[in-house]
Amino acid sequence: MTNTYTFDLHDKVTRTSVRFKNRYGIELAGDLYQPKNTIGKLAALPVSGAFGAVKEQTSGFYANELASRGFVALAFDNAFTGQSGGEVRNVASPDIFTEDYSAAVDFLGSLDIVDRNRIGVMAICGLSGMAITAAINDKRIKAVATASMYDMSRSISKGYADNYSLADRNKIRDYLAAQRWADVDAGNFATGPHEITFDENGDVLVTQGLPEIIPDFLKDNPVLTAFHHYYKTERGYHKRSVNSTGAWTATTPQAFFNFPLVTNVEEMDRPMLLIAGENAHSRYYSEDVAKAAGDIAELVIVPNADHVDLYDKVEKIPFDQLVSFFNQALS
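So the sequence shown is numbered by the UniProt record's numbering: it starts at 1 and just counts up by one.
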């Protein structure tokens with residue numbers, strides 16, 4: 001492990017820094033992982049996630065492992081994050097993040113080592129909804145797999161387990177409207193929560209990302225604790241990660257209220273593999289998508305695993321099953 005990456009490079013893999021543009025002209029930064037000593041054209045996989053992570057974290061971890069098993073894998077930073085271009089920084093867009101996957105396919109398909117007819121996508125956590133959305137409509141993507149899937153539009157606009165009432169949603173809309181005027185008056189873009197919670201009076205609770213230290217009254221919160229143990233400790237910390245060092249722009253939720261993800265998933269006609277932890281708070285996202293997608297989707301529940309275990313716990317991530325899935329789907 002180095003000061004830059006949260007994992008060690010596999011001795012059977014090479015890693016090269018690359019740049020490519022999406023269709024909006026934003027330059028994206030990626031790390032291209034290739035197996036050593038290969039002959040002929042290979043199957044390829046863009047990899048991104050989690051939402052607020054960078055390519056040196058879990059997406060790179062997956063790309064490194066998948067490359068060691070014979071794939072060309074591209075871990076990349078989404079627009080406005082990490083080492084990728086785009087202004088304003090640390091703003092998220094369901095549309096542009098979906099486009100980033102197709103742009104990664106563009107780039108991989110331009111490489112001599114890649115077979116254009118054997119490109120899938122791999123996504124972790126909050127980039128999974130964008131990956132599935134890209135795959136539904138970009139027929140160049142022959143298969144999609146997700147780990148600890150999140151639908152960020154659903155989560156941000158409807159709350160955890162769809163628990164927002166209409167009154168809650170309108171409070172958030174009022175908060176975002178006021179915040180836009182505040183940004184106009186200040187001449188810059190404030191940061192704030194991307195998933196809104198409410199205080200004891202029912203008012204929007206304005207927070208600034210993960211706390212450096214978990215307060216005593218929140219130490220029994222398994223979700224917060226799991227994220228904190230990854231992003232705020234040596235295990236997963238990275239200085240360019242939004243989740244490790246800061247917060248998204250405060251008006252980021254507005255785009256996710258505007259634009260749903262994973263629409264028309266019932267029209268998806270290529271294989272899909274959804275992996276979720278048995279104890280993951282996010283498990284219902286994978287279950288709901290698998291049900292909606294029908295026979296083309298396979299749901300794998302990992303025993304005794306939570307959401308963040310599937311970021312980097314190699315003993316819990318079913319890589320053998322992932323490799324088998326992609327080998328068959330991209331044959």
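Using N, Cα and C, we set each Cβ at its ideal position, and we do this for glycine too.
beta-carbon residue i near the ligand MG non-hydrogen atom, thresh 6 Å
{"i": "K41", "result": "In terms of ligand content, the structure shown is empty, and the ligand MG therefore cannot be addressed."}
Residue i burial status per 10 Å Cβ neighbour count (16 or more: buried)
{"i": "F326", "result": "buried"}
{"i": "R23", "result": "exposed"}
{"i": "V262", "result": "buried"}
{"i": "E200", "result": "exposed"}
{"i": "T81", "result": "buried"}
{"i": "E278", "result": "exposed"}
{"i": "E267", "result": "exposed"}
{"i": "H229", "result": "exposed"}
{"i": "A134", "result": "buried"}
Residue of the options minimising C-alpha distance to residue i
{"i": "S241", "options": "K12, R173, G49", "result": "G49"}
{"i": "D115", "options": "A44, T133, P94, A75", "result": "A44"}
{"i": "L111", "options": "H229, V54, L224, Y33", "result": "Y33"}
{"i": "I124", "options": "Q328, A329, D312", "result": "D312"}
{"i": "G86", "options": "V47, K21, A73", "result": "K21"}
{"i": "A276", "options": "E56, N243, I317", "result": "I317"}
{"i": "S128", "options": "W181, N188, V88, S59", "result": "S59"}
{"i": "F61", "options": "F259, I96, M272, M122", "result": "M122"}
{"i": "V18", "options": "S84, G40, G209", "result": "S84"}
{"i": "A280", "options": "P271, I301, R270, D269", "result": "I301"}
{"i": "A190", "options": "T98, G202, V206", "result": "V206"}
Residue i to residue j span [Cα, whole Å]
{"i": "I119", "j": "A161", "result": "33 Å"}
{"i": "Y285", "j": "F71", "result": "27 Å"}
{"i": "K12", "j": "F76", "result": "20 Å"}
{"i": "residue 332", "j": "D309", "result": "This structure leaves residue 332 out entirely; the chain is present only between 1 and 331."}
{"i": "Q328", "j": "H238", "result": "35 Å"}
{"i": "G209", "j": "K41", "result": "42 Å"}
{"i": "I172", "j": "D31", "result": "37 Å"}
Short Cβ contact (7 Å threshold) for residue i with residue j
{"i": "G126", "j": "F51", "result": "yes"}
{"i": "V323", "j": "R15", "result": "no"}
{"i": "S153", "j": "P193", "result": "no"}
{"i": "P46", "j": "A104", "result": "yes"}
{"i": "A226", "j": "D151", "result": "no"}
{"i": "Y101", "j": "E56", "result": "no"}
{"i": "residue 348", "j": "F319", "result": "Lying before the first or after the last residue shown, residue 348 is absent from the chain, which here runs from 1 to 331."}
{"i": "E298", "j": "L273", "result": "yes"}
Beta carbon proximity, residue i to chain B, threshold 7 Å
{"i": "I39", "result": "You won't find chain B in this structure, because it holds only one protein chain."}
Mind the definition here: the region 155-173 touches the region 60-80 only if three or more C-beta pairs lie below 8 Å; say whether that holds. no
Between the region 177-195 and the region 217-233, are three or more C-beta pairs nearer than 8 Å? no
Segment contact, 8 Å Cβ cut-off, at least three pairs: the region 138-158 with the region 213-221: no
Given 8 Å as the limit, is there contact between the region 248-255 and the region 293-304, that is, 3 or more CB pairs closer than that? no
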